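Enquirer:
Residue numbers (UniProt numbering): 1 to 824.
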């Protein structure tokens with residue numbers, strides 16, 4: 001986008017203060033961490049329940065930003081920020097949304113609006129794949145579908161855009177009314193209804209009606225007529241525009257799906273549109289992909305794309321790279337894989353992601369980038385913008401692939417080398433010489449960057465643990481929905497973040513403004529500090545030998561008895577330390593660790609008063625049975641003890657001492673007991689401790705089939721001949737065993753994994769590094785993926801089979817299993 005200061009002032013109806021020179025505004029910023037172009041950036045100081053953008057004004061001014069949309073002028077703004085311009089409005093978020101609405105009205109082009117519970121991003125990206133070969137398409141970056149993401153997406157529309165595709169997500173009633181005038185869709189797509197973000201709605205019908213309101217003024221609405229909730233919602237809404245409903249069961253609609261036939265690796269879909277028969281294949285077999293493809297089909301047909309062209313492009317649909325994968329690379333490299341999502345906007349997001357990673361401070365940053373296709377911009381303008389991004393995001397080295405980048409190489413003023421093709425790059429040996437670098441891969445589909453990924457990935461094991469960082473954030477927000485905005489939160493990242501990997505999880509939580517992180521021992525906290533984590537960190541089980549580590553890395557210990565307290569006081573005094581924060585643990589019924597709330601408080605208060613080395617930052621206890629109503633009477637007793645003792649402690653000191661007793665289950669069940677802070681553990685990792693249902697799946701343990709063999713009835717499989725076959729069978733070997741964390745007691749058909757979505761029981765004893773599974777009735781081949789636990793096989797299935805708790809399964813995954821992190 002491109003506006004002047006005068007235009008911005010008028011468009012958002014602001015009162016302008018400070019420097020009055022008219023400047024160009026090319027970039028909008030809502031997150032101070034993503035600053036790249038300060039001199040042409042307009043920062044919107046957004047307020048949320050847990051943060052306030054106004055507190056970042058001073059830092060952004062120091063970094064070069066001069067234009068700020070605020071709801072209140074900073075104190076002494078003229079002297080503190082003499083070169084700044086402040087646009088004062090009632091609500092910066094509404095100003096951002098109104099600016100996007102005005103920007104949208106400048107473009108008389110078709111715009112597709114997509115909403116629904118699932119599939120929004122897939123449909124958007126597949127439409128881009130299907131339509132961008134003939135149209136210049138501007139679409140939402142990744143999952144920018146929120147109250148902030150939608151206006152930022154729509155402001156990407158430019159003079160070259162021929163079609164806009166934007167997704168809209170909501171989490172509570174009333175939100176869609178703000179997004180509708182921003183997107184102003186002419187073509188509406190309602191994907192489906194489901195339980196996502198259901199917690200703030202009284203029913204699926206209410207949520208469906210809210211989503212459908214996006215299409216109030218659309219020319220056409222596309223939806224699945226077989227979805228009863230959507231179909232009834234459409235009927236009650238009485239849309240003025242046309243309806244392009246598709247169905248697999250009814251013959252009277254404009255788009256009838258005649259047949260869906262699944263083959264081994266693809267699906268054949270036969271349809272009739274306006275009574276004209278045709279068909280196509282998609283290279284996917286799952287039901288969600290079929291539904292998403294049909295939505296895309298309807299949009300293409302409405303836009304008069306020829307059926308033969310649709311079939312040709314459907315057959316080449318690529319899996320949607322909705323995630324930035326972070327994995328260990330060879331020769332000490334860290335690999336950030338964002339291939340096949342190649343456009344200017346996603347490039348900036350990926351560069352921002354690389355720049356903000358705290359765990360590899362000082363590593364050389366290398367970008368491997370291919371030509372960017374279908375941008376609609378003149379080549380010189382496009383790569384001038386890319387060059388500026390690369391420079392501003394502090395990339396150290398560029399490896400360019402493609403004729404266009406090679407032709408524009410003079411624009412890049414950093415260490416850069418260029419190759420005409422991916423093959424030429426591979427043959428040069430350049431990739432093989434990368435060492436101890438953070439490498440970002442951004443390649444258009446035509447450049448086949450899979451070969452680079454294969455060459456750079458560290459291949460230590462066929463078994464991997466995938467960790468969804470977006471799910472961590474979603475689970476955090478789920479529990480925050482039960483809390484008051486002012487209540488603080490401690491997030492548990494002990495035991496390597498319950499097996500998920502503490503550094504990546506801690507970074508994600510730090511970015512989302514959690515108040516404290518908690519680990520078990522001081523070495524865990526020190527590792528987080530060394531990886532760049534700056535959040536407050538509580539040490540739940542400090543050891544006497546760890547005091548120097550606590551002090552050196554600003555780690556705040558739990559203190560649970562007088563001997564530990566005295567030792568800490570002595571150690572702090574020896575180093576001349578005063579007012580070092582500690583967290584007082586009270587034992588109200590766990591009988592594990594803690595001061596006695598009935599008898600120890602006077603002596604504890606007296607000792608704390610007669611020293612200056614330590615200062616109580618919080619006081620806490622732990623519910624024994626907050627997950628079950630059966631223990632509510634005991635929980636009441638615990639809280640009564642804690643409430644009295646903690647208030648006694650607070651009354652003895654003038655500074656604020658945070659009180660906290662609620663764990664994950666307590667956050668949900670006891671909102672009246674949240675006090676100053678709560679502690680989130682298992683729930684953060686996707687398991688609701690009340691009934692063990694999965695909130696948002698975080699970790700997926702996957703492996704692959706190494707070998708398949710036919711074994712006759714009566715023969716045995718595995719050690720000790722435990723796996724006796726009762727029929728002729730196909731037995732697959734997979735490279736995971738008890739050394740990887742797959743419990744040996746799951747063998748002998750006590751549990752199963754999933755192969756191509758179907759149950760494959762473990763046969764015989766599970767070995768140290770390998771186990772065998774029965775795939776007799778499952779179409780599969782060597783190399784196929786196997787889900788040990790994950791989104792389709794909840795971890796609770798395994799914990800129930802072992803008569804244990806999900807914690808044990810999560811924390812048992814061996815360190816030799818490679819962790820791969822991804823984020824939408």
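Ideal Cβ positions, reconstructed from N, Cα and C, are used throughout, including at glycine. Just so we're clear, the structure is a prediction, and the values are computed from it rather than from any experiment.
Once DSSP output is grouped into helix, strand and coil, what is the label at residue 583?
Expert: Looking at residue 583 - three-state DSSP - the assignment turns out to be strand.
Enquirer: Measure from the alpha carbon of residue 44 to the alpha carbon of each residue in 23, 66, 24, then state which is nearest.
Expert: The shortest Cα separation from residue 44 among 23, 66, 24 belongs to 66.
Enquirer: Closer than 7 Å by C-beta to residue 726: which residues in its own chain qualify, once you throw out the five before and the five after it? Chain order, please.
Expert: So the qualifying residues of the chain are 713.
Enquirer: Can you name, in chain order, every residue of its own chain whose Cβ lies under 6 Å from the Cβ of residue 172, other than the five neighbours on each side?
Expert: 200
Enquirer: Taking C-beta to C-beta, are residue 490 and residue 682 nearer than 8 Å?
Expert: no
Enquirer: Report buried or exposed for residue 185, applying the criterion of at least 16 other Cβ atoms within 10 angstroms of its Cβ.
Expert: buried
Enquirer: Look up residue 126 in the DSSP assignment and give the residues it is bridged to.
Expert: Paired residue(s): none; residue 126 is not in a bridge.
Enquirer: In chain order, what residues of the same chain have a beta carbon less than 6 Å from the beta carbon of residue 356, not counting five sequence neighbours either side?
Expert: So the qualifying residues of the chain are 33.
Enquirer: For residue 658, tell me which candidate among 664, 160, 645, 670 has the shortest Cα-Cα distance.
Expert: 645
Enquirer: Given that a residue counts as buried once 16 or more other Cβ atoms are within 10 Å of its Cβ, and exposed if not, what is residue 485?
Expert: It counts as exposed.
Enquirer: Are the beta-carbon atoms belonging to residue 193 and residue 208 less than 8 Å from one another?
Expert: Cβ atoms of residue 193 and residue 208: closer than 8 Å.
Enquirer: Counting only the same chain and skipping the five closest in sequence on each side, list residues whose C-beta sits under 6 Å from that of residue 794.
Expert: Cβ contact annotation for residue 794 (same chain, cutoff 6 Å, sequence separation greater than five): 694, in chain order.
Enquirer: Rounded to whole angstroms, what is the Cα-Cα separation between residue 260 and residue 473?
Expert: When rounded, the distance between both Cα atoms is 36 Å.
Enquirer: One question on the structure: do residue 492 and residue 518 come within less than 8 Å of each other, judged by their Cβ atoms?
Expert: yes
Enquirer: In whole angstroms, what is the alpha-carbon distance linking residue 297 and residue 310?
Expert: 7 Å
Enquirer: Can you give the Cα-Cα distance for residue 629 and residue 668, rounded to whole angstroms?
Expert: 12 Å
Enquirer: Rounded to whole angstroms, what is the Cα-Cα separation between residue 721 and residue 264?
Expert: Each residue's alpha carbon lies about 33 Å from the other.
Enquirer: Residue 847 by DSSP, collapsed to three states: which one?
Expert: Residue 847 lies beyond the residue range present for the chain, which begins at 1 and ends at 824; the question has no answer from this structure.
Enquirer: Can residue 687 and residue 796 be called in contact, C-beta distance under 8 Å?
Expert: yes
Enquirer: Can you grab the Cα-Cα spacing for the pair residue 525 / residue 509, in whole Å?
Expert: 15 Å
Enquirer: Which same chain residues end up closer than 6 Å to residue 700 when comparing Cβ atoms and leaving out the 5 residues on each side of it in sequence?
Expert: 466, 790
Enquirer: Please list, in chain order, all residues of the same chain as residue 292 whose beta carbon is under 8 Å from its beta carbon, the five residues on each side excluded.
Expert: 119, 122, 123, 126, 191
Enquirer: Threshold first: 3 residues or longer. Then list the beta strand (DSSP E) segments lying entirely within the UniProt domain "Alanine racemase C-terminal" (698–822), N to C.
Expert: Taking only runs of at least 3 residues, the beta strand (DSSP E) segments lying wholly in the UniProt domain "Alanine racemase C-terminal" (698–822) are 699–704, 707–711, 729–734, 752–755, 758–763, 771–774, 785–789.
Enquirer: Once you ignore the five residues that flank residue 482 on each side, which residues in its own chain have a CB closer than 7 Å to its CB?
Expert: 667, 668, 671
Enquirer: Decide yes or no for the touch test of the stretch 226–245 against the stretch 304–319: beta carbon pairs closer than 8 Å, at least 3 of them.
Expert: no
Enquirer: Answer yes or no: do residue 29 and residue 11 have a C-beta to C-beta separation smaller than 8 Å?
Expert: no
Enquirer: Taking 7 Å as the line, does the beta carbon of residue 728 fall inside it for any heavy atom of the ligand NAD?
Expert: Absent from the structure shown: the ligand NAD. Ligands present: none.
Enquirer: Give the DSSP bridge partners of residue 620, in chain order.
Expert: 585, 660
Enquirer: Does the beta-carbon distance from residue 350 to residue 440 come in below 8 Å?
Expert: Contact: yes.
Enquirer: Could you pull out every residue in the same chain whose Cβ sits closer than 7 Å to the Cβ of residue 385, ignoring the five residues on either side in sequence?
Expert: Only 344 meet the Cβ criterion.
Enquirer: Specify the secondary structure class of residue 551 as computed by DSSP and reduced to three states.
Expert: helix
Enquirer: Between which two residues does the alpha helix (DSSP H) harbouring residue 148 extend?
Expert: Counting along the chain, residue 148 falls outside any alpha helix (DSSP H), and DSSP gives it neither H nor E.
Enquirer: Hey, residue 522 and residue 505 are a contact pair by Cβ (cut 8 Å); roughly how many whole angstroms apart?
Expert: In this structure residue 522 does not touch residue 505 by the C-beta definition: roughly 18 Å separates them, more than the 8 Å allowed.
Enquirer: On the three-state DSSP scale, how would you describe residue 416?
Expert: In the three-state DSSP reduction, residue 416 falls in the strand class (E or B).
Enquirer: Here's the rule I'm using: 16 or more other beta-carbon atoms within 10 Å means buried, otherwise exposed. How should residue 719 be labelled?
Expert: exposed
Enquirer: Looking at the secondary structure, which residues open and close the alpha helix (DSSP H) in which residue 294 lies?
Expert: 287–302
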